[in-house]
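Visitor: I'd like to ask you about the structure that follows.
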Amino acid sequence: MLAPRPAARYHPRVDEEQLIAEARAGDVEAFNRLVLAHQSQAYHLAYRITGDRQTAADATQEAFLSAYRKLKGFRGGSFRAWILRIVTNASYDELRRRKRRPADSLEELEEASSDGDGVVRVDPLFGRDEGPERAAEHADLTRAIERCLEVLSLEFRTVVILADVLALDYQEVAAAMGSPVGTVRSRLARARARLRECLEGSRELLGTIGRLAEGNTA
Amino acid sequence: MSTLGRLPFREVDRLSAYLDGALPPGDRRQVEARLAADPVLRSALEELRQVRAALRSLPEPRLPRQFTLRAAALPRRATPAYPYLRFATALAVALFAVTTGLRALGGISLARFTFGAAAPAMEPVAELAAEAPPAAGAFAATQPAEDAMLPEALALVATGAPSPTSCPDCPTITAGPEVQLRTPGTPTPGGVETTAGEVASEKAMASEAEATPSLLPAAQWMLGLAAVVLGVLTVRARRAR
Numbered sequence: 026m027l028a029p030r031p032a033a034r035y036h037p038r039v040d041e042e043q044l045i046a047e048a049r050a051g052d053v054e055a056f057n058r059l060v061l062a063h064q065s066q067a068y069h070l071a072y073r074i075t076g077d078r079q080t081a082a083d084a085t086q087e088a089f090l091s092a093y094r095k096l097k098g099f100r101g102g103s104f105r106a107w108i109l110r111i112v113t114n115a116s117y118d119e120l121r122r123r124k125r126r127p128a129d130s131l132e133e134l135e136e137a138s139s140d141g142d143g144v145v146r147v148d149p150l151f152g153r154d155e156g157p158e159r160a161a162e163h164a165d166l167t168r169a170i171e172r173c174l175e176v177l178s179l180e181f182r183t184v185v186i187l188a189d190v191l192a193l194d195y196q197e198v199a200a201a202m203g204s205p206v207g208t209v210r211s212r213l214a215r216a217r218a219r220l221r222e223c224l225e226g227s228r229e230l231l232g233t234i235g236r237l238a239e240g241n242t243a
Numbered sequence: 005m006s007t008l009g010r011l012p013f014r015e016v017d018r019l020s021a022y023l024d025g026a027l028p029p030g031d032r033r034q035v036e037a038r039l040a041a042d043p044v045l046r047s048a049l050e051e052l053r054q055v056r057a058a059l060r061s062l063p064e065p066r067l068p069r070q071f072t073l074r075a076a077a078l079p080r081r082a083t084p085a086y087p088y089l090r091f092a093t094a095l096a097v098a099l100f101a102v103t104t105g106l107r108a109l110g111g112i113s114l115a116r117f118t119f120g121a122a123a124p125a126m127e128p129v130a131e132l133a134a135e136a137p138p139a140a141g142a143f144a145a146t147q148p149a150e151d152a153m154l155p156e157a158l159a160l161v162a163t164g165a166p167s168p169t170s171c172p173d174c175p176t177i178t179a180g181p182e183v184q185l186r187t188p189g190t191p192t193p194g195g196v197e198t199t200a201g202e203v204a205s206e207k208a209m210a211s212e213a214e215a216t217p218s219l220l221p222a223a224q225w226m227l228g229l230a231a232v233v234l235g236v237l238t239v240r241a242r243r244a245r
């Protein structure tokens, strides 16, 4: 059985600074190694913010292109947080753009909600060997969480994705959102309380997941 | 309604930070003491823990593709010299525009522009004219029709005359009874009677009028050429990787 993603401080690879320096000098291959290291989280963030894969893919690609252009503006600190901030902004931009073209986004949302939406349905808590009944329950809970994320404001959605889905610590979330740590802390508390309220109907499943998570981290 | 929904936000905030291990040691001990005594707080903390666990259990989406960049599709990067070249080009273009503008003004206008600071010299000249004896300044002082043209004539003389303060090396115009005011179309009194001061001042004015326009075209062409060359270099620097 797999453990949930742990909350851990970001430990960049030793050669990350070197890669950044080379990329700044115009080495695209060095930049692409940075892309490979961060693209999963970048796409996951974009997907959870926007709610559909095409929008997320566009936002992620635009974000990496933008990051390459702005690389000289990177002033040190967490490169992951810097990238995720660009991804966040690109996702907001994509959402605004799609809002102006609702027909396109409706089609894509329908496509994304079908079986072929590209989301890995492997459950890190229940594992690959979960029974069909448990798998169905968890799929229900996943959909419920996704619906509740959708109704959160963008600020609350982003903070909860960064802190809880991607398991960044408060400092990195603050850097990724361009907000003070205190703001991150209070927004996260509000977002969690609202999500809990929204998920009241899935209380039993939440309890099951909570127990499994405790069992895995114990 | 959940337990979290019934608690004041301050409590939720502290519990949420406690869950993440983000409270200072003193606050953490305080929360732990309250948790030990209050089942409602324990229930609220459990709800927060469940929400966090559920969010962390969300499946990770499969990447639709690699997001690596293709070198060919990237915008070319400017060389480090690009900002300097851009500034130099802008400066050359601006100076070229100024010199072109000066040339367009031409002749007297150019002289007025160049020696505009000498305008106050007009007043002493006018005073001298007024004080001059009738034998020397009779034409200006006695003819009313020409009096009307006096300001214009004074302006011409004044703007053409270098200021003693602004141009100490220039030939000095003699400020004596021989200084005369000349209006357009007015013959020199006495025909060929021209004083040494008058000759000097005319020579000085002529040399200034000649010298400035002759330098200006050369400067203009050089600046134009520099602007073009720098512009080409700037474009190349911008496109260089």
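Protein sequences, first through last, are from chains A and B. Here the working numbering runs 25 ahead of the position in the first sequence, where the first position is 1. Here the working numbering runs 4 ahead of the position in the second sequence, where the first position is 1. All residues carry an ideal CB built from backbone N, CA and C; glycine is no exception.
For the ligand FMN, any of its heavy atoms closer than 7 Å to the Cβ of A/Ala71?
Guide: Here there are no bound small molecules, and the ligand FMN is not part of this structure.
Visitor: Does B/Ser47 have its Cβ less than 8 Å from a Cβ in chain A?
Guide: No, no contact with chain A.
Visitor: Work out the CA separation of A/Lys95 and B/Gly228 for me, nearest whole Å.
Guide: If you take the alpha carbons of B/Gly228 and A/Lys95, they lie about 35 Å apart.
Visitor: Within its chain, find whatever has a CB closer than 8 Å to the CB of B/Arg38; leave out the 5 residues flanking it on each side and keep chain order.
Guide: Excluding sequence neighbours, B/Arg38 sits near Leu45.
Visitor: With a threshold of 8 Å, are at least 3 pairs of Cβ atoms found where one atom belongs to the region 98-109 of chain B and the other to the region 100-114 of chain A?
Guide: Result no; under three Cβ-Cβ pairs closer than 8 Å.
Visitor: Against chain B, which members of the region 92-121 of chain A pass a CB distance test of less than 9 Å?
Guide: So the close ones are Tyr93, Arg94.
Visitor: If you count every other CB in all the chains shown that lies within 10 Å of the CB of A/Met202, and 16 or more means buried, which is it?
Guide: Buried.
Visitor: Should B/Arg60 be flagged as near chain A, meaning a C-beta pair shorter than 8 Å?
Guide: By this cut-off, B/Arg60 is an interface position.
Visitor: Tell me where the alpha helix (DSSP H) around A/Asp17 begins and ends.
Guide: Shown here, chain A extends from 26 to 243; a query on residue 17 of chain A therefore has no answer.
Visitor: Under the assumption that A/Val184 contacts A/Val206 (Cβ atoms under 8 Å), give the Cβ distance between them as a whole number of angstroms.
Guide: Actually they do not touch by this definition, with Cβ atoms about 11 Å apart.
Visitor: Using only CA atoms, which one of B/Leu219, B/Arg60, B/Ala92, B/Gln224 lies nearest to B/Val236?
Guide: When each option's Cα is compared against that of B/Val236, the closest is B/Ala92.
Visitor: At the level of alpha carbons, what is the spacing between A/Leu224 and B/Ala76?
Guide: Taking the straight line joining both Cα atoms gives about 48 Å.
Visitor: Who are the near neighbours of A/Leu231 in its chain, counting only those whose CB is closer than 7 Å to its CB and skipping five residues on each side?
Guide: Within the same chain, A/Leu231 has close Cβ partners Leu224.
Visitor: Could you please give the first and the last residue of the uninterrupted alpha helix (DSSP H) stretch that includes B/Arg107?
Guide: Per DSSP, B/Arg107 belongs to the alpha helix (DSSP H) from 86-109.
Visitor: From A/Leu179, A/Thr233, A/His63, pick the residue whose C-alpha is nearest to that of B/Gln70; which is it?
Guide: The candidate whose alpha carbon is nearest that of B/Gln70 is A/His63.
Visitor: Establish whether the CB of A/Cys208 and some CB of chain B are separated by less than 8 Å.
Guide: Per the sequence shown, residue 208 of chain A should be read as Thr rather than Cys. Answer no: the Cβ-Cβ gap between A/Thr208 and chain B never drops below 8 Å.
Visitor: In the DSSP assignment, find the alpha helix (DSSP H) that holds A/Lys124 and state where it starts and stops.
Guide: Where A/Lys124 is concerned, the enclosing alpha helix (DSSP H) stretches over 104-125.
Visitor: Please tell me whether A/Ala84 has its Cβ less than 8 Å away from any Cβ of chain B.
Guide: It does not: the Cβ of A/Ala84 has no partner Cβ on chain B nearer than 8 Å.
Visitor: Can you grab the Cα-Cα spacing for the pair B/Arg66 / A/Arg125, in whole Å?
Guide: B/Arg66 and A/Arg125: Cα-Cα distance of roughly 27 Å.
Visitor: What are the boundary residues of the alpha helix (DSSP H) that B/Asp31 is part of?
Guide: 29-41 is the extent of the alpha helix (DSSP H) around B/Asp31.
Visitor: Tell me the residue span of the alpha helix (DSSP H) that contains A/Gln66.
Guide: Its alpha helix (DSSP H) spans residues 53-75.
Visitor: Within 8 Å (strictly less), CB to CB, does B/Arg242 reach chain A?
Guide: Not closer than 8 Å to any Cβ of chain A, the Cβ of B/Arg242 fails to qualify, so no.
Visitor: How long is the line joining the alpha carbons of A/Val190 and B/Arg18, rounded to whole angstroms?
Guide: So the two alpha carbons sit approximately 20 Å from each other.
Visitor: Considering B/Leu23, what are the terminal residues of the alpha helix (DSSP H) in which it resides?
Guide: First-last of the alpha helix (DSSP H) with B/Leu23: 13-23.
Visitor: Between A/Ser91 and the rest of its own chain, which residues show a CB-CB distance below 7 Å, the 5 nearest in sequence each way excluded?
Guide: So the qualifying residues of the chain are Ile111, Ala115.
Visitor: Along the region 58-76 of chain A, what residues have a CB closer than 8 Å to any CB found in chain B?
Guide: Against chain B - using a Cβ distance shorter than 8 Å - the residues of the region 58-76 of chain A are Val60, Leu61, Gln64, Ser65, Ala67, Tyr68, His69, Tyr72, Arg73.
Visitor: Near A/Ala84, what residues of its chain come up, given a Cβ to Cβ distance below 6 Å and the 5 sequence neighbours on each side ignored?
Guide: Counting only Cβ-Cβ distances below 6 Å, and skipping sequence neighbours, we find Ala71, Ala115, Ser116, Glu119.
Visitor: By the DSSP assignment, the alpha helix (DSSP H) with A/Phe89 in it spans what residues?
Guide: From DSSP, the alpha helix (DSSP H) with A/Phe89 extends over 78-94.
Visitor: Taking the C-alpha atoms as reference points, what is the distance between B/Pro43 and A/Ile45?
Guide: So the alpha carbons of these two residues sit roughly 50 Å apart.
Visitor: Helix, strand or coil, according to DSSP, for B/Arg10 in the structure here?
Guide: Helix.
Visitor: Which residues in the same chain as A/Arg58 place their Cβ atom closer than 6 Å to its Cβ, once the five residues preceding and following it in sequence are excluded?
Guide: The answer, listed in chain order, is Leu44.
Visitor: Chain A partners of B/Ala92, CB-CB under 7 Å?
Guide: Ordered by position in chain A, no residue passes the 7 Å Cβ test against B/Ala92, which lies about 22 Å from the chain.
Visitor: Is B/Gln70 helix, strand or coil when you go by DSSP?
Guide: Correct three-state label for B/Gln70: coil.
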